[in-house]
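If you're matching positions, the sequence shown starts at 452 in my numbering and goes up one per residue.
Backbone N, C-alpha and C fix where the C-beta goes; we use that ideal spot for every residue, glycine too.
Following: one structure in structure tokens, then a few remarks.
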Amino acid sequence: MDTRHQLGCGKATIDFSDTLDNDEPAIRNGDRIILRGTDLVAEFFLFKSAPLFLFATIVGREDISVWFGGTDEQPFLVRLDAVALKGFMRNGENAFLDSLIPGKVKAISETVQNPVVRQGDMIGTSIAKSWKDVEKAFETTSFLTNEKRFKLCLNTNTNMRMFDTRHTINGDLARIKNSSGNTLRGIIVLGKLEAPDHAPQVWDTPHFVQQTNFLYDPKNAD
């Protein structure tokens, strides 16, 4: 890797440093993203279509550490599972970005013909016009994976954390349980979404939501 230069990436500035160790090869401090620059086996990929990048290096003896960063609304840096790098190398940046969308969200979007929307790593699509229509929507979509009996555990409150992350919803949040009482992956929300480094969004119809694919540490994603 060439460690002699500094790169601009949207609002973010990327620096390469030889002071970072293997345990923490990438950090963000405000608008500045610092990557370990002395590792000969590290790879850095700057996207062409957006101010984004992937950075991969070896952590410990054999673990691959993959980091995705750049500028969304504001600079960000998040660690991904190593499998995300394989998809990028095989299919390119556009396919990689598409692969971040959870399959169930994508399937619902295609079925009900509503667009996929996003706030950071919260990705969703409108599933119905109102809560009264949600049950009907469940019957016409396949996202419950053949579950014919389900229960919505609905809460109405302020500042409810979504998936125990820093994203909150002021309004309604419903968890979905199947006939065995197991909570399914994904929630349904309606209201105002807020999160650091992101503009508030109002989702005025019930939206099925999941987190971005491949997050290494979902609860602490940047």
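Practice problem: Could you tell me the distance, in whole angstroms, from the CA atom of ASN409 to the CA atom of LYS670? | Solution: Summary: the structure shown does not reach residue 409, with the chain confined to residues 452 through 673, and so no result is reported for it.
Quiz item: For the putative contact between GLY488 and ASP469, defined by C-beta atoms under 8 Å, what is the C-beta separation to the nearest angstrom?
Solution: 6 Å
Exercise. Measure the alpha-carbon distance for THR647 versus SER516 and round it to whole angstroms.
Key: The question names Thr, but residue 647 is Pro in the sequence shown. Going by the C-alpha atoms only, they are around 25 Å apart.
Quiz item: Name the DSSP beta bridge partners of ASN606, please?
Solution: LEU624
Self-check item: Start-to-end residues for the beta strand (DSSP E) that takes in THR656
Solution: 649 to 662
Quiz item: Within 10 angstroms of its Cβ, does LYS580 collect 16 or more other Cβ (buried), or is it exposed?
Solution: exposed
Practice problem: Report the residue ranges of all beta strand (DSSP E) runs contained in full by the stretch 524 to 580; include only those spanning at least 3 residues, in chain order. | Solution: 526 to 531, 567 to 570 and 573 to 577
Quiz item: Does DSSP classify LYS587 as helix, strand or coil?
Solution: helix
Practice problem: Count the other CB atoms, across all protein chains shown, that sit within 10 Å of the CB of VAL653; report buried if there are 16 or more and exposed otherwise. | Solution: exposed
Quiz item: Going by DSSP, which residues form a beta bridge with GLY637?
Solution: DSSP output for GLY637 lists no bridge partner at all.
Exercise. State the start and end residues of the unbroken beta strand (DSSP E) segment that holds PHE496.
Key: 494 to 497
Quiz item: Okay, do the stretch 493 to 513 and the stretch 627 to 634 touch, 3+ Cβ pairs below 8 Å being the bar?
Solution: no
Quiz item: With contact counted as at least three CB pairs below 8 Å, one residue from each stretch, are the stretch 654 to 661 and the stretch 570 to 578 in contact?
Solution: yes
Quiz item: Can you give the Cα-Cα distance for VAL529 and GLY521, rounded to whole angstroms?
Solution: 10 Å
Exercise. Can you tell me which of the three DSSP states LYS670 falls into?
Key: helix
Quiz item: Which value, in whole angstroms, describes the spacing of the CA atoms of ILE638 and GLY543?
Solution: 30 Å
Quiz item: Going by alpha carbons, who is nearest to ALA625 out of THR619, ASP615, HIS618 and THR607?
Solution: THR607
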